[in-house]
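Read the structure below first, then the notes.
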Amino acid sequence: ILNVEQSPQSLHVQEGDSTNFTCSFPSSNFYALHWYRWETAKSPEALFVMTLNGDEKKKGRISATLNTKEGYSYLYIKGSQPEDSATYLCASSGAQKLVFGQGTRLTINP
Amino acid sequence: SAVISQKPSRDICQRGTSLTIQCQVDSQVTMMFWYRQQPGQSLTLIATANQGSEATYESGFVIDKFPISRPNLTFSTLTVSNMSPEDSSIYLCSSFGLAVSYNEQFFGPGTRLTVL
């Protein structure tokens, strides 16, 4: 994998359901993996920065895991709420630069 | 974290004109970054703006098209010159926080540009 790739590109989830999506990144020369949440007309909000293989981070109902050997990260949202509707971006960093995926656009249906 | 504001928040411009986007950070930062996101594409780094030196542009971006100013440690501007509809994008500026940690960046709310 040469680029950072996210899947799916968009997702519709019923309120209360749990969901997850994927970020794939180059495993060579890995430094850190970032997750951001980006709501329309707002600044992208940093959710997690992960560096170690096997890392797991949690913030409320949102959690993320990291596999640096195979080059992927999962973001999980438990019990989705309407306020979770946003675009979720992942980025791989190195040499002071972030390389972003295209994002997963999440819509929570009430 | 750093608090970053941008002006304008959105604009609709005519082909061939130029637009200057302003970015203000609430603390002094060494490096500021300019990104764009074209429809359906990734956030892509345009250039890194350092105070006291010329901006460093990424492959595919040139100073004539995207001139950048960095007059002090809290402010930067990006100009989108001689615009075409392909320049319709969201433009964001960002910087590191006061304590740089794993290159974590903080972003402004973006400028949504539509070129007719």
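Chains as they are written, first to last, in the working numbering: chain B, 1 to 110; chain V, 1001 to 1116.
Think of the CB as a built atom: it goes at the ideal place given N, C-alpha and C, for glycine as much as any other residue.
Here the structure is a predicted model, which means the values were calculated and not measured.
Just verifying my parser: in three-state terms, what is the DSSP assignment at residue i?
| i | result |
| --- | --- |
| PRO1071 of chain V | strand |
| ASP17 of chain B | coil |
| GLU1086 of chain V | helix |
| GLU56 of chain B | strand |
| ASP1011 of chain V | strand |
| VAL1080 of chain V | strand |
| ALA1002 of chain V | coil |
| LEU1019 of chain V | strand |
| THR1121 of chain V | Only positions 1001 to 1116 of chain V appear in this structure, which leaves residue 1121 of chain V out of reach. |
| ALA46 of chain B | strand |
| PHE1096 of chain V | strand |
| PHE1107 of chain V | strand |
Given a cut-off of 7 Å, decide if residue j and residue i are closer than it, judged by their beta-carbon atoms.
| i | j | result |
| --- | --- | --- |
| LEU52 of chain B | SER92 of chain B | no |
| GLU15 of chain B | SER80 of chain B | yes |
| MET141 of chain B | LYS57 of chain B | Nothing can be reported for residue 141 of chain B: it is not among the residues displayed for chain B, which extend from 1 to 110. |
| LEU1078 of chain V | ILE1068 of chain V | yes |
| LEU98 of chain B | TYR36 of chain B | no |
| ILE1004 of chain V | GLY1110 of chain V | no |
| THR22 of chain B | TYR74 of chain B | yes |
| GLU5 of chain B | SER24 of chain B | yes |
| CYS1093 of chain V | CYS1023 of chain V | yes |
| PHE100 of chain B | THR68 of chain B | no |
| LYS78 of chain B | ARG105 of chain B | no |
| ASP1011 of chain V | LEU1113 of chain V | yes |
| GLN102 of chain B | SER1095 of chain V | no |
| ALA1002 of chain V | VAL1025 of chain V | yes |
Any idea which residues DSSP pairs residue i with across the strands?
| i | result |
| --- | --- |
| GLU5 of chain B | B:SER24 |
| GLU83 of chain B | DSSP, once it has assigned bridges, lists no residue as partnering GLU83 of chain B. |
| ARG61 of chain B | DSSP output for ARG61 of chain B lists no bridge partner at all. |
| ALA91 of chain B | B:HIS34, B:PHE100 |
| THR107 of chain B | B:HIS12 |
| ASN67 of chain B | B:TYR72 |
>> For the region 1071–1091 of chain V against the region 1015–1030 of chain V, do three or more pairs of beta-carbon atoms, one drawn from each stretch, fall closer than 8 Å, so that the two count as touching?
In response: yes
> What are the complete alpha helix (DSSP H) segments, minimum 4 residues, inside the region 1026–1067 of chain V?
Replying inline: none
>> Under 8 Å, with one C-beta from each stretch per pair, do the region 1081–1094 of chain V and the region 1033–1041 of chain V reach the 3-pair mark?
In response: Touching, yes, given that three or more Cβ pairs across the two stretches are closer than 8 Å.
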